[in-house]
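Below is one structure, written out as structure tokens; comments come after it.
There are 2 protein chains.
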Amino acid sequence: MTTILIVDDEREIVDLVSIHLTREGFSTIKAANGNEALTLIDEVWPDLAIVDVMMPNMDGFTLTKKLRQYDIPVLLLTAKGSIEDKESGFQAGSDDYVVKPFEPKELIYRVRAILRRYNKDTTPLIQVGSLRIDRERYEVRIDDVTYMLPLKEFELLTTLATRPGRVFERDFLMERVWGLDFSGDDQTLNVHIKRLREKLHAATNEVKIMTVRGVGYKLEVRKP
Amino acid sequence: MTTILIVDDEREIVDLVSIHLTREGFSTIKAANGNEALTLIDEVWPDLAIVDVMMPNMDGFTLTKKLRQYDIPVLLLTAKGSIEDKESGFQAGSDDYVVKPFEPKELIYRVRAILRRYNKDTTPLIQVGSLRIDRERYEVRIDDVTYMLPLKEFELLTTLATRPGRVFERDFLMERVWGLDFSGDDQTLNVHIKRLREKLHAATNEVKIMTVRGVGYKLEVRKP
DNA sequence: ACTATTTCATATAACTTTCACGAATGGAAA
DNA sequence: TTTCCATTCGTGAAAGTTATATGAAATAGT
Numbered sequence: 116m117t118t119i120l121i122v123d124d125e126r127e128i129v130d131l132v133s134i135h136l137t138r139e140g141f142s143t144i145k146a147a148n149g150n151e152a153l154t155l156i157d158e159v160w161p162d163l164a165i166v167d168v169m170m171p172n173m174d175g176f177t178l179t180k181k182l183r184q185y186d187i188p189v190l191l192l193t194a195k196g197s198i199e200d201k202e203s204g205f206q207a208g209s210d211d212y213v214v215k216p217f218e219p220k221e222l223i224y225r226v227r228a229i230l231r232r233y234n235k236d237t238t239p240l241i242q243v244g245s246l247r248i249d250r251e252r253y254e255v256r257i258d259d260v261t262y263m264l265p266l267k268e269f270e271l272l273t274t275l276a277t278r279p280g281r282v283f284e285r286d287f288l289m290e291r292v293w294g295l296d297f298s299g300d301d302q303t304l305n306v307h308i309k310r311l312r313e314k315l316h317a318a319t320n321e322v323k324i325m326t327v328r329g330v331g332y333k334l335e336v337r338k339p
Numbered sequence: 116m117t118t119i120l121i122v123d124d125e126r127e128i129v130d131l132v133s134i135h136l137t138r139e140g141f142s143t144i145k146a147a148n149g150n151e152a153l154t155l156i157d158e159v160w161p162d163l164a165i166v167d168v169m170m171p172n173m174d175g176f177t178l179t180k181k182l183r184q185y186d187i188p189v190l191l192l193t194a195k196g197s198i199e200d201k202e203s204g205f206q207a208g209s210d211d212y213v214v215k216p217f218e219p220k221e222l223i224y225r226v227r228a229i230l231r232r233y234n235k236d237t238t239p240l241i242q243v244g245s246l247r248i249d250r251e252r253y254e255v256r257i258d259d260v261t262y263m264l265p266l267k268e269f270e271l272l273t274t275l276a277t278r279p280g281r282v283f284e285r286d287f288l289m290e291r292v293w294g295l296d297f298s299g300d301d302q303t304l305n306v307h308i309k310r311l312r313e314k315l316h317a318a319t320n321e322v323k324i325m326t327v328r329g330v331g332y333k334l335e336v337r338k339p
């Protein structure tokens with residue numbers, strides 16, 4: 116399971132962030148200051164740390180530098196989007212930053228983005244049965260036939276294929292493929308799924324996109 | 116693998132630079148001062164050294180001169196962009212310099228630029244099917260016919276050819292061929308791709324530049 | 001003066017989204 | 001169970017959008 120360390124002297128913020136993260140399926144550990152954080156990471160090695168810039172004693176930048184030595188990616192929380200903060204944040208080695216007050220959704224989005232950047236999610240090759248996705252080439256190969264899909268269809272398929280069998284909620288897919296700020300029609304996803312299905316079915320019957328009514332879609336693999 | 120030596124008495128800087136470099140796929144060795152650096156290079160011969168100017172005992176300039184004797188390219192880190200530093204840096208034989216505080220992106224960019232200049236990051240000869248690129252002579256040969264391409268087209272082709280099949284994002288290509296600070300028209304890339312295509316198609320049909328809409332371009336090789 | 005590079009204007013095709021309607025689904029009521 | 005109903009989803013076609021291609025002209029560079 117993915118564990119995220121939250122460091123802030125404001126208890127409220129820590130709890131708030133924790134709530135949203137656990138709701139998304141992450142496990143969290145909390146620390147009120149830099150020293151506490153550093154003692155904690157010896158026991159539990161987090162996959163990512165969310166750190167407030169403004170803290171007594173050890174500030175966020177200093178902590179970030181230390182965390183980077185352990186190769187733990189860092190997401191900074193800054194009070195204002197001042198350019199100074201931005202620059203020195205990246206300089207300290209943080210991977211991204213979120214300005215307080217933040218939208219929970221945006222925080223989650225950035226967390227996922229960082230994790231994606233570091234995790235197995237970056238795997239250039241995904242294989243599900245006879246379906247192979249080459250993210251570097253933007254190609255899909257099925258039984259030695261190579262297909263080039265339009266970008267949205269490609270990303271949709273890629274997302275579904277990262278965890279075959281798991282149901283991806285419609286919202287999740289929209290956010291993943293279209294980004295946070297898509298305000299379009301709900302039918303858009305349907306149409307893209309439809310076209311993706313057409314192509315998939317024509318190519319193979321081993322892999323199939325299943326609808327989970329009221330929830331979303333999943334990729335089902337028939338094992339021969 | 117490309118190995119980079121980092122020399123600075125400030126531990127934080129060394130670590131920070133190291134993090135960004137390893138993230139980009141380089142391997143690093145660290146030294147806290149000039150003497151340490153000089154003993155290290157006997158064991159591990161680095162492809163490049165990043166050296167801080169301000170160091171106790173042996174300063175960056177002195178170390179640079181010694182490193183140049185071993186034919187190791189040097190990137191200097193200077194505290195302020197003062198002209199004095201700049202001049203004496205190049206005088207000492209450094210290949211480039213970066214002013215602290217620096218943007219990670221810029222550091223990486225300059226590192227790559229130096230490595231490219233020394234042909235350390237790639238072979239001087241690239242071969243893709245019947246297409247051969249001689250980076251030393253700046254020549255392209257296809258089926259025993261030698262072509263001289265304009266610089267931008269040459270670099271574009273070279274970049275694409277280093278990893279045939281892989282999609283290079285437009286941003287990446289722009290940065291690679293035009294540099295970090297190009298603020299020109301978005302169409303520029305299109306036009307260059309177009310002219311490169313014309314020449315390629317006229318010369319061979321084995322190699323082709325493919326468009327991946329919304330992403331970038333890739334070089335596709337038809338295997339007979 | 002010549003080539004290389006960039007810009008501009010316009011075309012075109014690729015992709016994306018919307019729309020309208022029909023089919024499937026699942027829960028509630030009969 | 002069966003029927004009804006509301007909702008969700010599938011589908012074909014049309015409309016819309018945008019990225020890229022292209023021809024030609026303007027700059028920049030040697």
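Each protein sequence line maps, in turn, to chains W and B. Take any residue in the first sequence, note its place counting from 1, add 115, and you have its number in the working numbering. Take any residue in the second sequence, note its place counting from 1, add 115, and you have its number in the working numbering. Each residue gets a CB set at the ideal place from its N, CA and C atoms; glycine is no exception. Computed from a prediction, not measured in an experiment: that's the story for all the values here.
Legend entry - For Glu335(W), the residue or residues it bridges with in DSSP: Paired residues: Lys323(W).
Legend entry - Straight-line gap, Asp157(B) to Glu151(B) (C-alpha atoms, nearest Å): Their Cα atoms are separated by approximately 11 Å.
Inset, instruction - Report yes or no: do three or more beta-carbon pairs, one from the region 281–288 of chain B and one from the region 242–255 of chain W, lie closer than 8 Å? - result: Contact holds: three or more Cβ-Cβ distances are below 8 Å.
Inset, instruction - Determine the chain W residues that contact Val159(B) at a beta-carbon separation under 9 Å, and present them in chain order. - result: Think of a sphere of 9 Å around the beta carbon of Val159(B): no beta carbon from chain W falls inside it, the nearest being about 21 Å out.
Inset, instruction - Would you mind sorting Pro265(B) into buried or exposed? The rule is 16 or more other CB atoms within 10 Å of its CB. - result: Here Pro265(B) is exposed: its Cβ has fewer than 16 other Cβ atoms, across all protein chains shown, within 10 Å.
Legend entry - Inter-residue CB distance, Lys145(W) and Ile121(W) (contact presumed, cutoff 8 Å): A Cβ-Cβ separation of about 5 Å places Lys145(W) in contact with Ile121(W) under the 8 Å criterion.
Inset, instruction - Provide the residue(s) that pair with Tyr224(W) in DSSP beta bridges, ordered along the chain. - result: Its beta-bridge partners do not exist; DSSP assigns none.
Legend entry - Residues from the region 171–187 of chain W in contact with chain B, defined by Cβ distance under 7 Å: Of all residues in the region 171–187 of chain W, Lys180, Arg183 and Gln184 have a Cβ within less than 7 Å of some Cβ in chain B.
Legend entry - Asp124(W) beta carbon less than 8 Å from that of Met170(W): Less than 8 Å separates the beta-carbon of Met170(W) from that of Asp124(W).
Legend entry - Val189(W): first and last residue of the uninterrupted beta strand (DSSP E) it sits in: Its beta strand (DSSP E) spans residues Val189 to Thr193.
Legend entry - Runs of beta strand (DSSP E) lying entirely within the region 247–295 of chain W, each at least 3 residues, in chain order: For the region 247–295 of chain W, whole beta strand (DSSP E) runs of length 3 or above, ordered along the chain, are 254–257 and 260–262.
Inset, instruction - Could you tell me which residues DSSP pairs with Leu120(B) in its beta bridges? - result: Per DSSP, Ile144(B) and Ala164(B).
Legend entry - Beta carbon proximity, Glu268(W) to chain B, threshold 8 Å: Closer than 8 Å: no.
Inset, instruction - Could you tell me whether the Cβ of Tyr262(W) comes closer than 8 Å to any Cβ of chain B? - result: Residue contact check for Tyr262(W) against chain B: no CB pair falls below 8 Å.
Inset, instruction - Please confirm whether Ile119(B) and Asp162(B) have their CB atoms less than 8 Å apart. - result: Contact: yes.
Legend entry - Where Asp300(W) falls: helix, strand or coil (DSSP): Three-state DSSP puts Asp300(W) in coil, outside helix and strand.
Legend entry - Spatial neighbours of Ile324(B) in its chain, beta-carbon cut-off 8 Å, leaving aside the 5 residues before and after: Leu275, Ile308, Leu311, Arg312, Leu315, Tyr332, Lys333, Leu334 and Glu335.
Legend entry - Buried/exposed call for Glu221(B), threshold 16 Cβ in 10 Å: Counting Cβ neighbours within 10 Å, Glu221(B) comes out exposed, since fewer than 16 surround it.
Legend entry - Near-chain B residues of the region 240–258 of chain W - C-beta to any C-beta below 7 Å: Listed by position along the chain: Glu251, Arg252 and Tyr253.
Inset, instruction - Look up Val330(B) in the DSSP assignment and say whether it is helix, strand or coil. - result: Shown here, Val330(B) sits in coil according to DSSP, grouped into three states, outside any helix or strand.
Legend entry - N- and C-terminal bounds of the beta strand (DSSP E) containing Val213(W): According to the DSSP assignment, Val213(W) belongs to the beta strand (DSSP E) that extends over Asp211 to Val214.
Inset, instruction - May I have the straight-line CA-CA distance separating Val292(B) from Met289(W), to the nearest angstrom? - result: Using only the alpha carbons, I get a separation of about 34 Å.
Legend entry - Nonlocal neighbours in the same chain, by C-beta distance under 8 Å from Phe217(W), ignoring five residues either side: Its chain contains Leu192 as the residues whose beta carbon lies nearer than 8 Å to that of Phe217(W), once the 5 sequence neighbours on both sides are disregarded; these appear in chain order.
Inset, instruction - Report all residues from its chain with a CB closer than 6 Å to the CB of Ser209(W); omit the five preceding and five following residues, and keep chain order. - result: Thr179, Val189 and Leu191.
Legend entry - DSSP beta-bridge partners of Val243(W): The bridge partners DSSP lists for Val243(W) are Leu246(W).
Inset, instruction - Kindly list the residues whose CB is nearer than 7 Å to the CB of Thr137(W), restricted to its own chain and excluding five residues on each side of it in sequence; keep chain order. - result: The beta carbon of Thr137(W) is closer than 7 Å to those of Thr143 in its chain, skipping five residues each way along the sequence.
Legend entry - Close-in-space but distant-in-sequence residues of the same chain around His135(B) (CB under 6 Å, 5 per side omitted): Hits under 6 Å: Pro219.
Legend entry - Interface positions of the region 120–148 of chain B facing chain W (Cβ-Cβ less than 7 Å), listed along the chain: Look at the region 120–148 of chain B: the residues with a C-beta under 7 Å from a C-beta of chain W are Glu127, Asp130, Leu131 and Ile134.
Inset, instruction - Taking Ile229(B) and Leu246(B) to be in contact with their CB atoms under 8 Å, please state how far apart those CB atoms are, rounded to whole angstroms. - result: Taking the Cβ atoms as the reference, Ile229(B) lies roughly 27 Å from Leu246(B), outside the contact range of under 8 Å.
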